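What follows is one structure encoded as structure tokens, with my remarks underneath.
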Amino acid sequence: MAAAVLKEGKKTESVVIVKLAECDCCGLTEECTQAYIASVREKFEGRWLCGLCSEAVNDETVRSEEDITTNEAMDRHMKFCG
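Numbered per UniProt numbering, the sequence shown spans residues 1 to 82.
Structure, rendered in structure tokens:
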């Protein structure tokens, strides 16, 4: 993805590099920036989850009657999803 940017009357190119990331739960692949991939991995203890699975894990954490960790919520969702 490239975007043209006008800066002080001069046209410059801004390049955003995207990579394919595969969901560690359902296997879906998405095009994402490296920064986005890193932020998702940080939130989910090193695993990359697609948007749908990450929402399901967040819901699992909230819905659980007991206090569970993100990792426990991921394990529960992966059993359901996989």
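Note that CB positions come from ideal geometry on N, CA and C, so glycine has one too. What you are looking at is a predicted structure, and each value in this text was computed from that prediction instead of being measured.
Residue i versus the options, residue with shortest Cα-Cα distance
i	options	result
residue 35	70, 17, 80, 57	17
residue 81	14, 61, 26, 59	26
residue 47	64, 73, 13, 62	73
residue 23	40, 66, 64	40
Backbone CA spacing between residue i and residue j [nearest angstrom]
i	j	result
residue 20	residue 32	6 Å
residue 79	residue 38	24 Å
residue 60	residue 30	23 Å
residue 54	residue 66	19 Å
residue 63	residue 15	41 Å
residue 76	residue 56	10 Å
residue 155	residue 58	Residue coverage of the chain in this structure runs from 1 to 82, which leaves residue 155 outside it and unanswerable.
Cβ neighbour criterion (16 or more within 10 Å) applied to residue i
i	result
residue 87	Only positions 1 to 82 of the chain appear in this structure, which leaves residue 87 out of reach.
residue 49	buried
CB contact flag (residue i, residue j, <8 Å)
i	j	result
residue 42	residue 71	no
Residue(s) in a DSSP beta bridge with residue i
i	result
residue 21	30
residue 40	Looking at the DSSP assignment, residue 40 forms no beta bridge with any residue, so it has no partner.
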